[in-house]
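The next block holds one structure in the form of structure tokens; read it before the comments.
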Amino acid sequence: MVLELHVWGPAFGLPSIDAECLAAIAYLARTTSRSEYRLVQTSPSAVPTHHLPALHKPSANTWISGFSPIISHLRSFPSPSFHDDSPPHHGDSTAYSAFLTAHAAPLIALSLYVSSANYAATTRPAYSAILPFPLPWTEPPAIRASMSLRAAHLGLSSLDTDAAEDASIAEEKAAAAAGWVHIPASLSAQLKSKSVKDALTPEQAARIKLDGLAREVLDVLAEADWDRMVLSARCLAYGYLALMAVPDVPRPWLREVLLQGGYPSLCELVGRFRGPEALAAEKLPWEESAAHSGQSSLVAGLNVGARFAQGLIYDIPGIGEEWRRWWARRRKRSVRRPEDTAGLTQKRRDMSASGADTLLVAGVGMAAVLAVNAGFFLYRSGVPSFGAPVHSWQMVRAGLSSFGAAGAMFSGLNA
Amino acid sequence: MSTTWNSIPVPRPLQQLFDSVPLVTYDANALPTRAQSNTLCQLPTLYVFASERDARLGLPSYNPSCLKWQTFLKLAGVEFRIVPSTNHASPTGALPFLLPVRTSPTTTAAAAASSAPIPASRLQRYALDHGSRPPPPNAKTLRLDAYQALLDVPIRNAWLHTLYLEPENSPLLEKLYVTWASSSGWVQGTIRHQLGRAAEGEILKTSSSLSAAGAGELDEDAVYSAARDALNALASLLAESETGWFFSATAPTLFDASVFAYTHLMLQVLSEADGEDAARLGVLVGQAGSGELRSHQQRIYQMLWPSQIWSEGESQADKTQ
Amino acid sequence: MPDSMLIDSGPQLNDQLLTPAAISKVEVLGAKNTRRSLLDHIFKPLVDKSNTDATIGQLLERINHASAKLQRFDIFREEGYGVFISGANNGQPSDKTEIDVSFRVREKSRLVFKAGTDFGNAEGSAYTNAEVRNVFGGAESLSVNASTGTRTRSAYNAVFSTPVNGNPDLRLAVEALRSSTQKPWASHEEQLAGGNLRLAWATKHAESHSLSYSGIWRQLTGLAPGASPTVRADAGDSLKSSITHTFTRDRRDRAVLPQEGYLLRTMSELAGWGPLQGDVSFYKSEVEVAGAMPAFPSGLANGIPVTVGGGLRLGMLVPLARGFSFTGPAQPSRINDRFQLGGPTDVRGFKLGGLGPHDGGDAVGGDVFAAGGVNMLLPLPRTGPASPLRIQLFANGGRLVALKNQSKATEVSSESLGMDSRTVVNGLKSAVWELANGLPSLAAGVGLVYAHPVARFELNFSLPIVQRVGEQGRKGLQVGVGINFL
């Protein structure tokens, strides 16, 4: 039986750009042979669960996504494949895994996504290399947005100089348009670089805080006894730490703290996974995405086009969110999952809501069509007019004239 | 529109004139009815999510972070009363917060500022300063941070999912958070919708998904199995302890209060809802390890709400078994 | 039109006024966007059978009346408006004079965008407004506003209003609104969202009524760090569903600077009772009387326009039981329903909300109030009566009292806040009694008034004379901008 693991593609010399995908790849590489699984490079919009890593069992056509669901599914297979033989210390493993997702992920979000310099110089090009055209236009910005949400509680959005610059440019333009201030360009440049703080990059300005944040997290991780943890926890730690240590970014605060800040045990953990025998991207059982499903290039192109369109729709304010929700619910119904091994879900949701959903979507669609038509009509004919150039009222005549034409004739005779 | 010219110095004769008025000063006006019970009490007030009745009796709040601090303040021996409230009342936008006793009921704005509310982030300090039996500080181990992450992510997510997103629990959600706010269907509908979206957003924000997909992608099986693993991990941590409190502390600490806040609510509040899905989390708490979390919850409950345990606790405990 | 003439154009008509006449034809020229059904209401009566025994004089009066009514729709421009009367030339023999009437109108533009600044009571704001006049050709108007101000951080509303039965003096309006207002005197921000349906009608003699139903979701939020427990207890959501009637009789010569005349205004609101539902339930009533007169009979004081004026405002809020009960438990009033008193536009010499019960620094409002003031306006030396500047001497005062629940005042852990009807009545009685307990809180001062057509500006120097502990008087200068002053 061959399993397919769908993951984000390689970047920075690592097998994947995403921490959980890295961890899943490392887990498979450690617990089984190359012949038992394949790696498919993809992006979330191509898999039915919309989330990577995703494990696809072609024989039963089932999908599982997310690192820990994949691990618990793999553990249900008979030994020895997909099992690790390390002495289990489950409590700590679970706790440190949760700690990694709760605290290491926001650090990586800050370093690779929120920081404008790093994102532009390193992360975005990496995505461009692994995504088929034109998806680099839609997907990386969406990921960046969700990543900055993840790191929002750390209060360091100032690293995102793009947003700040946009705002200040807009402000300047608005001020110029209103005719309030006209600062000559030379002078305004001087004004801008006046204070010392402004001359620093945002990373330099926030360096102390960033170092503090990184140390808080790394101190906890360094204290843990990783050798006693289960393999999946070690793999997860590798996934996150590798993304801190490996990418060569222009503002390497996180990398510097990790490599030079006195965390040899953590560096060693990364080193062991990246060791000679394992996890070099070219040694992994990669599969060409288009070839694997036997699609012609035309179908593959159409697929990419559909994913691109989807990405564009998600970006429409207001509608995008609802569309995404609706689409996700639809897709969930169509995804077949393996029988629930955890036995947690005692019953399946009935989908009575789906009828209402369809009606809602149909209603919204109709309303949109009507609105467009009405708009077009108004555009063509202007605001409709209801009156007339001349309104007139005639006296209601008593007497002969009220007999109509005949009466009028008689009244004429009288004269 | 009124403007102040504080910067301009007042000439002396004018100052004398100002000092001589008002010529007559009477006693202060009495406060309105709704305000009277709030201003007469001589105890600090903890603002939490609770029903009017529970608040009067000082029973546990039904909100995990409120219950955490309520428990901790009680553990520390702080005398306080609780008042049902909403997030709108809070200086930080979230409950709980504590309002210290005022020096006098009607005073100047400056005096009011001196008794400014204490947000949750400073309650630990307050409890240590004002409590009659300050609990031992949290264990000085970084391992605690890792276990705290279990409460902050998988257990919190499961709680949010169960209460806010399970359609089966919507009557419970309405009872706890919605009908209390307003009797109007329009307002309730909006609040319910906002709560659902907010809960979903919170779960997605902390979940391990680096996906472009976002909303609507909640995998509930993953949420619950993560919670089960987390509860098991906590139970095994508790099993290591020699004293029965986490990290072998001599008395319950803030971490014990944080765990209790979730386990108590999962065992008690959720069991009030009908249906198996609703009680699922309570069952998970009971099954975690070999029942360590349940007995931990029972001990704290007995310690802090001794009169309640006989009337309600037993029957609730029976129900969930 | 060689023999056309304007109405009232000369004495040569006088001898003809009694001759019997009839209108043969009415024409309205230029109402390109106005529906005939609307104009029918005005012009049909001119040509129907009721005109058979009319004289020219009566007809002219009717034409005048129709013309005035047409203008009150506010859809035609003033310039280019004209009424022309000519002898009928229809070749029909008749025993009386027949005339043709022709109304020339120019419609106002139907789409109007405006932006500007505005002064309401004690607040300045900037707004943008888009209005569609005569939307469906029946003098309906749709107006959409967005504004932001010193206190109202943001406000949006949309109003659709239409005359009922072709009558410009009877209008029905539907409004949707959303706003967020800062209330620093009680350390909070109030957000409103809701709508109302209003029927307004005007009678002759400058009287107007309006009857409206409104459903508004109020959210008390954004509390200041030092907010008092009273304000904190009222934070959160509430829905007010109420019916309001207001009556105004304004017989003043100039609203912003009255020399003569009086104003009577009453407001009654019933919220939450009976089928109204909602979260709050009360009856609220307010009366305002204001008047002004020349201080000296004409001839004295060389015609110097010295005026004395006075005003009195009274209000009461009665908590009611929910549903159809009169005796059930009534919830005490919330801060956003209670009255506030004090400030540069009502009781001068006190801060905004400076009168009445205070909890810490917060004005928490009261359920019963009475406020009154007298002022004398003197012209500035060497200015004529037409000058918008005046010197003002004033004294004003008021009491704002909260309803107390005496039966339970000492019990902290009372079962609930509800009061039965007896408690409410007793509470109100003692609150009204309390109004007269001791002198009212008083302030007096002198100031400068500038009456701009848009608003009245005041710069006053005032001193509080009588005050209660906790009340916030204002010693020294105070600026007031508004339309309606006490």
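Protein chains in written order, with the UniProt record's numbering: chain A, 1 to 415; chain B, 1 to 321; chain C, 1 to 486.
Glycine included, each C-beta is placed from N, C-alpha and C at the ideal position.
Predicted model only: the values in this text are computed from it and were never measured.
- In summary, C:N64 is exposed, with fewer than 16 beta-carbon neighbours lying within 10 Å of its beta-carbon over all protein chains present.
- In chain order, S102, F103, R104 and V105 place their CB closer than 8 Å to the CB of C:L29, counting only its own chain and leaving out the 5 sequence neighbours on each side.
- Taking C-beta atoms under 8 Å as the contact rule, B:V223 and B:H161 qualify, at a distance of about 5 Å.
- Rounded to whole angstroms, C:L46 and C:T221 show a C-alpha spacing of 58 Å.
- For the region 458-486 of chain C, the continuous beta strand (DSSP E) assignments of 3+ residues that do not extend past its boundaries occur at 476-482, in sequence order.
- Taking 7 Å as the cut-off, the Cβ atoms of B:V178 and C:W217 do not count as close.
- Think of a sphere of 7 Å around the beta carbon of C:L439: the chain B residues whose beta carbon falls inside it are V24, in chain order.
- Straight-line spacing of the CA atoms in C:N336 and C:V256 works out to 28 Å.
- The criterion of a C-beta distance shorter than 7 Å is satisfied by B:P44 and B:F80.
- Straight-line measurement puts the Cα of B:A149 at about 30 Å from the Cα of A:G13.
- Here C:G310 is bridged, per DSSP, to C:G291 and C:V374.
- When rounded, the separation of the alpha-carbon atoms in B:L237 and B:F246 is 7 Å.
- C:A139 carries a coil assignment under DSSP once its states are collapsed to helix, strand and coil.
- The Cβ atoms of C:R338 and C:D234 do not sit closer than 7 Å to each other.
- B:L284 sits close to B:R228, with the two beta carbons spaced by under 7 Å.
- Scanning chain B for C-beta atoms nearer than 9 Å to the C-beta of C:V469 yields T25, Y26, D27, A28, N29 and T106, reported in chain order.
- Interface residue (Cβ-Cβ distance to chain C less than 7 Å): A:V390 is classified as such.
- For C:D250, the uninterrupted beta strand (DSSP E) segment begins and ends at G236 to D250.
- Of A:A109, A:R30 and A:D219, the smallest CA-CA separation from A:V257 is found for A:D219.
- For B:D19, the uninterrupted alpha helix (DSSP H) run begins and ends at R12 to S20, by DSSP.
- Secondary structure note for C:D337: it is in no beta strand (DSSP E), with a DSSP letter that is neither H nor E.
- It is roughly 9 Å from the alpha-carbon of C:A22 to the alpha-carbon of C:A88.
- The Cβ of C:D337 sits no closer than 7 Å to any Cβ of chain B.
- Where C:F43 is concerned, the enclosing alpha helix (DSSP H) starts and stops at R36 to V47.
- The beta-carbon distance between A:I64 and A:H73, rounded to whole angstroms, is 5 Å. This is short enough to meet the 8 Å contact definition.
- A:R255 is the residue among A:R251, A:L236, A:R255 and A:A105 whose C-alpha sits nearest the C-alpha of A:A245.
- Contact of C:R232 with chain B is assigned, a C-beta pair being separated by under 7 Å.
- Contact annotation: C:S228 and C:A271 have beta-carbon atoms that are not nearer than 7 Å.
- In this structure, A:A26 and A:Y238 form a Cβ contact; the two beta carbons are roughly 6 Å apart against a cut-off of 8 Å.
- Along the region 117-156 of chain A, the alpha helix (DSSP H) occurs as fully enclosed runs of 4 or more residues at 124-130 and 139-150, listed in sequence order.
- With the rule of 3 Cβ pairs closer than 8 Å, the region 57-71 of chain B does not count as touching the region 378-392 of chain C.
- Around the Cβ of A:T101, a 10 Å sphere holds 16 or more other Cβ atoms; the residue is buried.
- Residue pairing from DSSP places A:V390 in a beta bridge opposite C:L29.
- Assigned with DSSP and collapsed to three states, C:L320 falls in coil, not helix or strand.
- Residue environment for B:D221: buried (at least 16 other C-beta atoms within 10 angstroms of its C-beta).
- The three-state secondary structure of A:W253, taken from DSSP, is helix.
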